[in-house]
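See structure below.
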Amino acid sequence: MTTSEKNIHQGSHEAPPRHPPDWKGSDFRDEGMLIRELERVFDICHGCRRCLNLCNAFPTLFDLVDESATMELGGVARQDYWNIVDHCYLCDRCDATKCPYIPPHKRNVDFPQLMLRAKAVRFRKRGAGFRDRLLASPDKVGRLATIPVVAQVINAAADSPSIRRKLHLHPDAVLPRCHRTTLRKRRRELVSSAPAATTAADAGVVLFATCYGNFNEPELGDDLVAVFEHNSIPVALAEEERCCGFLRLELGDLDAVEQAREVNIPQLAEWVDRGWNIVVPLPTCVLMFRQWLPLMFPDDALVRKVRNAIFDPFEYLMQHHKEGRLKTGFKRSLGVVLYHLSCRSGGQGTGIETCEILSLVPGTHVEVIACCSGRDGSYGLKSEYHDISMKTGQPVVNTIRQVMPDHFGSHCPKAGRQIESSLANGSKAEHPLTLLRKAYGV
Ligand code: SF4
Ligand code: SF4
């Protein structure tokens, strides 16, 4: 499908392939009904066990069953169900890659949606603690850091062992650094209040910078702009952007997700109407726009329109390549590249184009590591999960140690930082956009 053909599907009335949750309905938030559904699905999972290696939610469930007096789900205390819920970071991989019982199967298992419902019920009942609300508000923290001197204060606080202890943030976790000069400030010339007045099917791309890309790693957006402009693809930034809401989703704060939707979706849809596509450099945010928002708002034509125009940057570049428009005059080879495919990319079937594009660079051999890094949103930052998170990511780190590549990096920049910290040898993860820019020499 060409980029322009993809646009043809914008605004289609095709329903998401899953049953959308009735998240505003009273049944969805009824704790008794939730517990009965958890029992039903956990029992099916206990009998199936295909997802044992995907994340720590399933091993937690299976250990609880196996260590119970009856060795059946009935022997597990219901309050322990919440331990399972806490280990789910809504990556969607169990549903997308493993489960044979998803609808229309009559067993009707949608594990990620059930975890979301549990999180929403708990959030409605007791809210969230300060640490979890802070971690779920990267846009608020990032905006605060743009005030003179505040970025240094926040970064110093993030490094302080006593503050970390108080907030239950692990002493070794790699917390994102704040920048006063955000991407949107650095690339002010790209910010536009209105899409260019064109009805061309493929006018260019509007970059949804993401909170991480705007506030924490603005160089990533610079690399994206350099690569796209080198390929004569116009890049713009929408006038306003809110956090996509994924970290709020992980908390179960669905009203906050709806508030973010009200800012982002109408203006992105307007860009799409003018022939622009949308590129999003973080797999988590792509997952939000492609999967979770359409599930939460199945009748919203604007959400569908945006979903159909969202591209991972390398997905977009691959379409460009298939149309014979990608420049392949590279100035520098990259040697051996180890590329980590994040869980949230794997769950959506994206990320493999990154390997294909980097492989176009002469003298470059790309190997993919498709294992979880363990970083997963805010999961790997929390004191109670950091050690599990590091253990989960160990196969990625071991592979890099064994292969000793010329470059390594992850489709997810946050995962890249966790991997380099685990390596602890001074080497730096390089995002594939950074590597492609290097290969182009621009
Ligand atoms: S959605 Fe992801 S984190 Fe949650 S249970 Fe499934 S595989 Fe595990
Ligand atoms: S989510 Fe599906 S595939 Fe995974 S353990 Fe449960 S029933 Fe099996």
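In terms of the working numbering, the sequence shown is numbered consecutively and its last residue is 423.
Quick reminder that beta carbons are idealized off the backbone N, C-alpha and C, glycines included.
**OP:** Examine ligand 4 and report whether any of its heavy atoms sits within less than 6 Å of the Cβ of F389.
**Re:** For ligand 4, the structure offers nothing, since it holds only ligand 1 and ligand 2.
Original post:
Is it buried or exposed for I350, if we count other Cβ within 10 angstroms and need 16 for buried?
Top reply: buried
Original post:
If we call anything under 7 Å between Cβ atoms a contact, is K312 one with G422?
Top reply: yes
Subject >> According to DSSP, residues forming a beta bridge with E348 >> reply: Looking at the DSSP assignment, E348 forms a beta bridge with L319.
Original post:
So, are the CB atoms of L19 and Y62 less than 7 Å apart?
Top reply: yes
Original post:
My guess is that A190 and R165 are in contact by the Cβ rule of under 8 Å, so how many angstroms apart are they, rounded?
Top reply: 6 Å
Subject >> Collapsed DSSP secondary structure at A405 in the structure displayed >> reply: coil
Original post:
What separation, rounded to the nearest whole angstrom, lies between the Cα atoms of V187 and C225?
Top reply: 15 Å
**OP:** May I ask you to check if the CB of R271 is nearer than 6 Å to at least one heavy atom of ligand 1?
**Re:** no
Original post:
Roughly how many angstroms separate the alpha carbons of H321 and H68, rounded to a whole number?
Top reply: Spanning the two alpha carbons is a distance of roughly 22 Å.
**OP:** Report the option in C159, C75 and P152 whose CA atom is closest to the CA atom of Q133.
**Re:** C159
Original post:
Taking three-plus beta-carbon pairs below 8 Å as touching, is the stretch 265 to 272 in contact with the stretch 226 to 243?
Top reply: yes
Original post:
So what's F92 in DSSP terms, helix, strand or just coil?
Top reply: helix
Original post:
Say the cut is 6 Å; is the CB of F23 nearer than that to a heavy atom of ligand 2?
Top reply: no
Subject >> For H388, the first and last residue of its enclosing beta strand (DSSP E) >> reply: Start and end: H388 to S391.
Original post:
Using the beta-carbon count (16 or more within 10 Å), is G110 buried or exposed?
Top reply: exposed
Original post:
Mind checking whether the beta-carbon of R31 lies closer than 6 Å to any heavy atom of ligand 2?
Top reply: yes
**OP:** Measure from the alpha carbon of N197 to the alpha carbon of each residue in E296, L263 and C75, then state which is nearest.
**Re:** L263
**OP:** Kindly examine ligand 2 and report whether one of its heavy atoms sits closer than 6 Å to the Cβ of Y360.
**Re:** no
Subject >> Reference R103; option with closest CA among S173, R30, D234 and T78 >> reply: D234
**OP:** Would you check if there are 3 or more beta carbon pairs closer than 8 Å linking the stretch 114 to 126 to the stretch 231 to 247?
**Re:** Touching, per the Cβ criterion.
Original post:
So, is G13 buried or exposed, given that buried needs 16 or more other C-beta atoms within 10 angstroms?
Top reply: Counting Cβ neighbours within 10 Å, G13 comes out exposed, since fewer than 16 surround it.
Subject >> Best match in R74, G56, P85 and P152 for proximity to S364 [C-alpha to C-alpha] >> reply: P152
**OP:** Kindly provide the ranges of any alpha helix (DSSP H) runs that are 4 or more residues long and lie completely inside the stretch 28 to 98, ordered along the chain.
**Re:** You should have 38 to 47 and 62 to 67.
**OP:** Classify N379 as buried or exposed, calling it buried when 16 or more other Cβ atoms lie within 10 Å of its own Cβ.
**Re:** exposed
Original post:
S(-15) by DSSP, collapsed to three states: which one?
Top reply: The predicted model places S(-15) with a pLDDT of 39, which falls under 50 and marks its position as unreliable; any figure quoted below should be read in that light. Helix at S(-15).
Subject >> the stretch 203 to 222 / the stretch 397 to 417 touching (three or more Cβ pairs under 8 Å) >> reply: Yes, they touch.
**OP:** Flag R74 as yes when its Cβ comes closer than 6 Å to any non-hydrogen atom of ligand 1, and as no otherwise.
**Re:** yes
**OP:** Below 8 Å CB to CB, which residues in the same chain sit around R112 once its five sequence neighbours on both sides are set aside?
**Re:** L148, H149, L150 and K363
Subject >> C-alpha distance - Y82 paired with C72, whole-angstrom precision >> reply: 18 Å
Subject >> Range covered by the alpha helix (DSSP H) that runs through L115 >> reply: Residues F111 to L116.
Subject >> For V186, the three-state DSSP class (helix, strand or coil) >> reply: DSSP places V186 in strand when its eight states are reduced to three.
**OP:** Determine the closest residue to R168 out of R146, L218 and S174, with distance taken between C-alpha atoms.
**Re:** L218
Original post:
Should L319 and E348 be called a contact, given that it needs their Cβ atoms to be closer than 7 Å?
Top reply: yes
**OP:** Reducing DSSP to helix, strand and coil, say where A410 ends up.
**Re:** Correct three-state label for A410: coil.
Original post:
Does the Cβ of L33 have 16 or more other Cβ atoms within 10 Å, making it buried, or fewer, making it exposed?
Top reply: It is exposed - the Cβ of L33 has fewer than 16 other Cβ atoms within 10 Å.
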